Amino acid sequence: MTYETSEPIGVKRFERILRIPSPTSFDVGDINSYVILPEPGSDQLVLIDTGVGTEAAWQSLTSGLQEHGFAIEDITLLLLTHAHTDHFGQASRIREASGCQVWGHEQVATTVAGFLPSPERIEVEKAFLQRFGFSAEMYDKAYDYRAYIGDIFRPCELDRQFQDNDVVAIDGFDLKVIHTPGHCPEEVVFWQQESRQMFSGDHLLPNVTPVCLLDIPETVDGERTHALSQYYRSADKVIPYNVRNIYPSHGDVFHDHRELIAGYKLSTERRLLKVSKILEQHGRLTPFEVGQYLFPKVWEEQLYAVISEVMGHLDLLLDEGFVSTRELSGVIHYELLAIPDPGAVFKPVM
Ligand SMILES: [Zn+2]
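This note's numbering puts the sequence shown at residues 15 to 364.
Here is the structure:
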């Protein structure tokens with residue numbers, strides 16, 4: 015969880031790809047939408063990700079397209095890397111203006127429902143987080159951003175749900191869908207085989223370590239996905255691709271995803287060591303207490319990001335046998351068994 019606002023990078027054309035950044039009020043800065051420009055004689059105009067549902071983002075998209083002789087009305091297909099507000103927030107307005115098709119992964123609906131939870135769902139989440147040492151007041155604080163999201167999130171129904179390995183047919187520019195859950199369950203990246211180009215969404219970001227958001231199951235005692243472990247399985251899945259250019263949702267185009275992933279793994283290993291040292295020093299702790307020691311300055315302001323980060327690392331340590339858990343009066347505590355050596359968690363992929 016290291017946020018570094020990307021420098022504004024502007025509209026830019028790379029052969030058939032047009033990058034249009036639009037503003038968000040999130041720490042991560044602008045979000046890049048990408049347009050696949052039509053082949054001569056074709057009217058197929060494909061947009062990847064929408065920006066947030068604000069007037070400012072709408073203006074950015076309008077003027078970016080205009081610079082290259084197009085309008086929002088010309089969009090024929092909208093593809094989603096995932097369903098977060100900055101990727102999906104403008105979808106209903108774009109569809110209304112253009113009549114375009116909207117395609118995304120089959121788990122998009124789960125994430126959309128998570129932004130606007132029912133009262134029953136809120137009770138499940140509260141009870142679930144109490145097991146990690148959260149009080150009900152902390153829950154309210156951790157999720158108070160939802161009211162704001164409600165204002166800038168205008169998603170729509172999908173016309174088609176795609177799955178891992180599906181191919182989106184685009185004239186001269188077919189895109190393969192690679193399901194890369196971890197940052198969120200429905201995240202995909204798009205791969206263009208002939209030109210060896212990848213649209214990496216929030217899965218691979220040049221200036222930021224992607225946050226792997228805590229999964230809360232349907233029921234309090236349901237099975238929880240270990241999001242950070244899942245993230246690295248997805249990263250290992252894209253490592254073998256022989257990529258020329260990578261177009262991320264935040265920040266500038268880059269080329270070496272293997273180096274980037276190796277860097278992510280190093281920083282995760284460093285944090286695993288830090289979490290282990292905290293447990294060594296303080297003994298048995300709840301996840302919430304680990305968060306207070308790990309992020310002494312920001313834990314109170316960023317409860318949701320902090321608990322996601324802590325659980326991701328505790329999951330990895332648990333999966334690899336470096337910690338054990340014990341439930342004490344309904345709250346889960348973690349205890350250190352051994353400090354992980356460098357390289358103990360991530361084995362070489364290729
Ligand atoms: Zn995202």
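For each residue, glycine too, the CB sits at the ideal point set by N, CA and C.
None of the values given here were measured: they were computed from a predicted structure.
Using the beta-carbon count (16 or more within 10 Å), is Thr16 buried or exposed? On the sequence shown, residue 16 is found 2 positions in, with the first residue counted as 1. At Thr16 the pLDDT is 47, less than 50, meaning the model places this residue with poor confidence; the figure from the coordinates comes in the next sentence. Result: exposed.
Taking three-plus beta-carbon pairs below 8 Å as touching, is the segment 296-303 in contact with the segment 207-218? no
So, is Leu75 buried or exposed, given that buried needs 16 or more other C-beta atoms within 10 angstroms? Taking the first residue of the sequence shown as 1, we reach residue 75 at position 61. Burial call: buried.
Start and end of the alpha helix (DSSP H) containing Ile136? The residue given as residue 136 occupies position 122 in the sequence shown. Ile136 -> alpha helix (DSSP H) spans 133-144.
Endpoints, beta strand (DSSP E) assigned at Gly128: Here residue 128 refers to the residue found at position 114 of the sequence shown. Note, Gly128: premise wrong, no beta strand (DSSP E); alpha helix (DSSP H) at 122-129.
Residues near Tyr48 by beta carbon distance below 8 Å, same chain, minus five either side: Within the sequence shown, the letter at position 34 stands for residue 48. Excluding positions up to five away in sequence, the list reads Ile31, Leu32, Arg33, Ile34, Leu61, Ile62, Asp63, Phe213, Tyr261.
Whose CA, out of His193, Gln211, Arg107, Gln206, lies closest to the CA of Phe167? Numbered from its first residue, the sequence shown carries residue 167 at position 153. Minimum Cα distance to Phe167 is reached at Arg107.
Can you check which of these residues, Gly147, Gly67, Gly305, Phe40, is closest to Cys170 by C-alpha distance? What you label residue 170 is simply residue 156 of the sequence shown in a count that begins at 1. Out of Gly147, Gly67, Gly305, Phe40, Gly67 has the C-alpha closest to the C-alpha of Cys170.
Whole beta strand (DSSP E) elements within the segment 250-297, 3-residue minimum: 259-262
Going by DSSP in three states, Ser326 sits in which element: helix, strand or coil? Within the sequence shown, the letter at position 312 stands for residue 326. Residue identity differs from the one stated: residue 326 is Gly in this sequence, not Ser. Correct three-state label for Gly326: helix.
Test item: CB-CB of Leu342 and Leu286 under 8 Å: Reading the sequence shown from its first residue, position 328 is the one you call residue 342. Reading the sequence shown from its first residue, position 272 is the one you call residue 286. Cβ atoms of Leu342 and Leu286: not closer than 8 Å.
Three-pair Cβ contact test at 8 Å for the segment 103-121 versus the segment 313-328: no
Evaluate Thr282 with the Cβ neighbour count: other Cβ atoms within 10 Å of its Cβ, from every protein chain shown; 16 or more gives buried, anything less gives exposed. Locating residue 282 in the sequence shown gives position 268, counting from the first residue. When all chains shown are included, Thr282 counts as buried.
For Gln73, count neighbouring C-beta atoms within 10 Å of its own C-beta (all shown protein chains included) and say buried if the count is 16 or more, exposed if not. The residue you call residue 73 lines up with position 59 of the sequence shown. Gln73 should be labelled exposed.
Determine, using beta carbons only, whether Thr90 and Gln121 come nearer to each other than 8 Å. Here residue 90 corresponds to residue number 76 of the sequence shown, with the count starting at 1. Here residue 121 corresponds to residue number 107 of the sequence shown, with the count starting at 1. Cβ distance not < 8 Å, so Thr90 and Gln121 don't count as in contact.
Nearest by alpha-carbon distance to Ile192: which of Thr95, Val202, Asn46 is it? Start at 1 with the first residue of the sequence shown, and residue 192 comes out as number 178. Selected option, being the one with the closest Cα: Val202.
Taking the CB atoms as reference points, tell me whether Pro301 and Ile321 lie closer together than 8 Å. Looking up residue 301 in the sequence shown gives position 287. Looking up residue 321 in the sequence shown gives position 307. Against a cut-off of 8 Å, the Cβ pair of Ile321 and Pro301 comes out as a contact.
Beta bridge counterpart(s) of Gln206 as assigned by DSSP: Here residue 206 corresponds to residue number 192 of the sequence shown, with the count starting at 1. Paired residues: Gln211.
For Asp185, which option in Gly55, Met325, His327 has the closest C-alpha, if you only look at C-alpha atoms? On the sequence shown, position 171 is the one that residue 185 refers to. Nearest of Gly55, Met325, His327 to Asp185, Cα basis: Gly55.
May I have the straight-line CA-CA distance separating Leu268 from Asp44, to the nearest angstrom? Walking along the sequence shown from the start, residue 268 turns up at place 254. Walking along the sequence shown from the start, residue 44 turns up at place 30. For the sequence presented, residue 268 should be read as Phe rather than Leu. Roughly 17 Å separates the two Cα atoms.
Considering Cα atoms alone, identify which of Ala71, Pro224, Lys190 is closest to Gln211. Numbered from 1 along the sequence shown, position 197 holds the residue referred to as residue 211. Answer by Cα proximity: Lys190.
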